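The next block holds one structure in the form of structure tokens; read it before the comments.
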Amino acid sequence: MSQASQAGKPARIGTPRQDAALAEILGEYKHEKGALIPVLQKTQEVYGYVPREAMARISQDLKVPMSKLYGIATFYAQFHLKPRGENIIRVCQGTACHVRGGARILEAVQKELGIKPGETTPDLRFTIEPVACLGACGLSPVMMVNDDTYGRLTPEMVSEILARYARAAESA
Amino acid sequence: MDKWEIVIGMGTCGIAAGAKETMAAIEAELARRKIKAEIIQTGCIGMCEQEVLVDIRRNGEGTVTYGRISRDRVPRLIEEHVVNNRVVAEWAICRPELEATGTEGAVVVGGAAATRGKSPAPKVDLPAGYADLIPFDQLPFLRKQKRLVLRNCGAMDPEVIDQYIARGGYEALKKALKMKPADVVAEVKLSGLRGRGGAGFPTGLKWETTANAPGTKKYVVCNADEGDPGAFMDRSVLEGDPHSVIEGMSIAACAIGADEGYIYCRAEYPLAIKRLYLAIDQATGKGFLGKNVLGTGFNFTLKIKEGAGAFVCGEETALLTSIEGNRGMPRPRPPFPAVKGLWGAPTNINNVETYANIPWIITEGGAAFAAIGTEKSKGTKVFALAGKIKNTGLAEVPMGITLREVVYDIGGGVQGDKAYKGVQIGGPAGGCLPTQLLDLPVDYESIVQAGAIMGSGGLIVLDENTCMVDLARFFLTFTQNESCGKCTPCREGTKRMLEILNKITRGEGEPEDLTRLEELGQAIRDTSLCGLGQGAPNPVLSTLRYFRHEYEAHINQKRCPAGVCTALLDYRIDAEACKGCGVCKKVCPTGAITGELKQAHVIDGEKCIKCGACIEKCKFNAIEKG
Ligand SMILES: Cc1cc2nc3c(=O)[nH]c(=O)nc-3n(C[C@H](O)[C@H](O)[C@H](O)COP(=O)(O)O)c2cc1C
Ligand code: SF4
Ligand code: FES
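As they're listed, the protein sequences go chains P and Z. Residues in the first sequence are numbered from 326 upward in steps of one, following the numbering used here. Residues in the second sequence are numbered from 2 upward in steps of one, following the numbering used here.
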């Protein structure tokens, strides 16, 4: 799944492969009731975010007003209407992490990347997303980079962990 | 040839502690030494503090559980235990008891299954030092626990349905299918089980209402949204024993006459979701789910819905609205979901832990369940111990146990040598209970009387370095953020409360602010539409009740006693302790620190932004704040 390729091309939704995947999703959910949330979730999986044009296509195919889709996409924190980085860093700000110094981990990540929570680096490599609990409270403070969870963090560990992903991006 | 088995705890906690790296290191070490062994993954056993947990056994016997096995410990572990047949005593935690069947991990402590603990005469020569290990159920962390809900967690591979079946899984469903639906409901009523999702509503009564509600189409729904930040009981059950939840839901469906069900699971739990899909597939394959279950004519299909990151969707009416594909906003009750729920049909909605109790209740009988706990709170409750506690993890305890037993006997007390300050219980709608309430029994009524709620089971231990004003502000920031905006008291009221708390933590508070907070809090509690708004003021009100002096210190003396609220802190260098190494000068981002090499340095309070970078770097503990 390529996420970065469509950044500068608003005219088409994404790569032909991504657009084909969207068509497949729409086919799959056409007759299922209550399907809008899973459709948006899968769309985001395909493109890395929910492009406006994709919403327009969903609206057309599933015959729901654009306003309804937009309402859902903005209600739930999971949906992103702008492109995000290749690597998503979720820094836990839940209660257990809060009392064990989660804020300092978030600061360290911000300092390392030079962006604020919710922002994406200009090279579209990293996005910081504060979250309210990753369910690994027993090992707080915790953060997740993509699907990898890291626990028992100290601010010093942050730069080493992030460097792994920066390197992976370079070698790719 | 010997058959070696190495079991690795692969729950989210284990993975966060590096279980994947440990597993790779074990594979590499075994390959290097040309040793054949089966590597098995299991769910979370609840000892997060000891992750990564690794069990080693030979020919099905002599299991030793090791804790904190990081990848660099692997070579020595394999060499000593597997090659030399010697227990590595300093990393070993316990020996899980052998079961009569020969399979390991008799995790059931007490209860009707306690008979399993007997060790048959071993046939292999046990590793040296084995006899000195503590049996699993004698560990201080486990001695006071009673594991009904967690009966299988960490004791089997959750991705293999046969292991669940071997441990008695789906027997309860078979039994329920032979009973009259009303008798199943009666058994649950007899057990006295109350909902574990927060409010503690009697489960049997809810089932009865749904069963009696008019309509032919009915649903059962499992609330696996677990939104309380700091709680992870439901995640552990879903990851470690998904079939028990599925079985509980199937029993509910047959009792109330539903043929379709949904599990609404938060998207932040990818592993739980993966295991649920797998479990549903396997259960369908075996005929426990789907059309004509076990040839009885009962149909039940189960679907998973992933949450999309909105805390309010844990509220039952919002959750149902979200399953229907809309913005997840609560609606007024009545009508309750039991009468008018999903797509207008009668719907039984219960929490993960509630359902996980059901197979036990049906198998062992409602009376056996009711024998555990207190008069009004029956059975056990799983707590997620986190925060400043030594043994973080999951603890399942009989209702009525005291907080002191949970925090000290099971949790091992406060981390490090800090002083205990209290616990936060019940999440964003819960409260903080101070030291003087350590002997409070843990049951629904006692906790509510003390100004908190049982909630879903998050239990965060606080020490002297936790600022209660900051904690109250933390929760209010959370609820304010998550308010869906439908009703004014919650939407606007929490904003006003948060503004006042921000003011106080900045050192700009006035004495009248405390009464303002109390008045606002009461009003929001009384007039909000759903539990989110009704509970939001609770963290503030309970800290005002028990820790008022901390608020007063912030307001009157402009001081944060715990040393947390940065605006109220001053950083100083102790000239005696300072060796003049200059490290602090280098890290200070604003150039606030000056001094000659080998001379005591000083901090310019005007320039200092109180970031704390110098404290972290100083090797001589020469920098003080306060
Ligand atoms: C804001 C809010 C969030 C909630 N979150 C959850 C949750 O994450 N999990 C849960 O089981 N119940 C949650 N509840 C409680 C549910 O509304 C409902 O009472 C519960 O699912 C009923 O199941 P039970 O009877 O088995 O406890 C929440 C309630 C409110 C008001
Ligand atoms: S109390 Fe808050 S979360 Fe609940 S309905 Fe009102 S605004 Fe929404
Ligand atoms: S509070 Fe951070 S993982 Fe739960």
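The beta carbon of each residue, even a glycine, is placed where N, CA and C say it ideally should be. Given the structure is predicted, the values throughout are model-derived calculations rather than measurements.
Residues of chain P with a CB under 7 Å from the CB of Z:I461: which are they? T420, A421, V424
Minimum Cβ-Cβ distance from P:V467 to chain Z less than 7 Å: yes
Quick check: does the Cβ of P:P459 come within less than 6 Å of any heavy atom belonging to ligand 3? Per the sequence shown, residue 459 of chain P should be read as Leu rather than Pro. Answer for P:L459: yes, Cβ within range of ligand 3.
For Z:F142, write down the residues that DSSP places opposite it in a beta bridge. According to DSSP, Z:F142 bridges with nothing at all.
Is the shortest distance between the beta-carbon of Z:F475 and the beta-carbons of chain P less than 7 Å? yes
List the residues that DSSP assigns as beta-bridge partners of P:M469. Paired residues: P:R415, P:T474.
Contact under 7 Å by Cβ, Z:V353 with Z:V238: Yes, they are a contact pair.
With a cut-off of 7 Å, does the C-beta of P:L464 fall near any C-beta of chain Z? So yes, P:L464 belongs to the interface.
Which word fits Z:Q51, buried or exposed, when buried means at least 16 other C-beta atoms lie within 10 angstroms of its C-beta? buried
Are three or more beta carbon pairs between the region 463-473 of chain P and the region 408-422 of chain P nearer than 8 Å? The count of Cβ pairs closer than 8 Å, one atom from the region 463-473 of chain P and one from the region 408-422 of chain P, reaches three, so the stretches are in contact.
Given that a residue counts as buried once 16 or more other Cβ atoms are within 10 Å of its Cβ, and exposed if not, what is Z:T595? exposed
Under 9 Å (Cβ pairs) to chain P, residues found in the region 323-336 of chain Z: S323, I324, E325, G326, N327, R328, G329, M330
Let me check one thing: in DSSP terms, what residues is Z:R58 bridge-paired to? Answer is Z:E6, bridged to Z:R58.
Pairwise C-alpha distance: Z:I16 and P:V483: 17 Å
So is P:T479 in contact with chain Z if we call contact Cβ pairs under 7 Å? no
Looking at the structure shown, is Z:I461 part of a helix, part of a strand, or coil, going by DSSP? strand
Three or more beta-carbon pairs under 8 Å between the region 305-313 of chain Z and the region 273-292 of chain Z, yes or no? The region 305-313 of chain Z vs the region 273-292 of chain Z: in contact.
Whose Cβ in chain Z lies nearer than 7 Å to the Cβ of P:T474? Per Cβ cutoff of 7 Å: T13, I16, A17.
Boundaries (first-last residue) of the alpha helix (DSSP H) holding Z:K618: 614-618
Could you check the C-alpha separation between P:G410 and Z:K599 for me, to the nearest Å? 46 Å
Could you spell out the range, first to last residue, of the alpha helix (DSSP H) harbouring Z:Q481? 469-483
Assign P:Q369 to one of two classes, buried (16 or more other C-beta atoms within 10 Å of its C-beta) or exposed (fewer than that). Buried.
Mind checking the region 223-238 of chain Z against chain P and listing, in chain order, the residues whose C-beta falls within less than 9 Å of any C-beta there? Within the region 223-238 of chain Z, the qualifying residues are E227, G228, D229, P230, G231, A232, F233, D235, R236, S237.
To the nearest angstrom, how far is the alpha carbon of Z:K181 from that of Z:A254? 13 Å
On the DSSP bridge list, what partners appear for Z:I624? Z:I574
Residues near P:K367 in its chain [Cβ-Cβ closer than 7 Å; skip 5 each side]: The residues are I350.
Cβ separation of Z:A563 and Z:C468, assumed to be a contact under 8 Å, to the nearest whole Å: Confirmed, Cβ separation roughly 4 Å.
Decide if Z:A309 is buried, meaning its Cβ has at least 16 other Cβ atoms within 10 Å, or exposed. buried
In three-state terms, what does DSSP make of Z:I525? helix
Chain-order list of residues whose beta-carbon lies under 6 Å from that of P:Y354 (same chain, five-residue window excluded): Excluding positions up to five away in sequence, the list reads A360, V364.
Please classify P:P341 as buried or exposed, where buried requires at least 16 other C-beta atoms within 10 Å of its C-beta. exposed
Should Z:P338 and Z:E317 be called a contact, given that it needs their Cβ atoms to be closer than 7 Å? It is a contact, given that the beta carbons lie within the stated cut-off.
Report yes or no: is there a C-beta of chain Z within less than 7 Å of the C-beta of P:G439? no
Is the beta carbon of Z:Y265 less than 7 Å from the beta carbon of Z:D226? yes
Z:L631 and Z:V383 closer than 7 Å at C-beta: Nothing can be reported for residue 631 of chain Z, as the shown portion of chain Z is limited to 2 through 627.
Quick check: Z:G388 and P:V424, are their CB atoms within less than 7 Å of each other? With a cutoff of 7 Å on beta-carbon distance, Z:G388 and P:V424 are scored as near each other.
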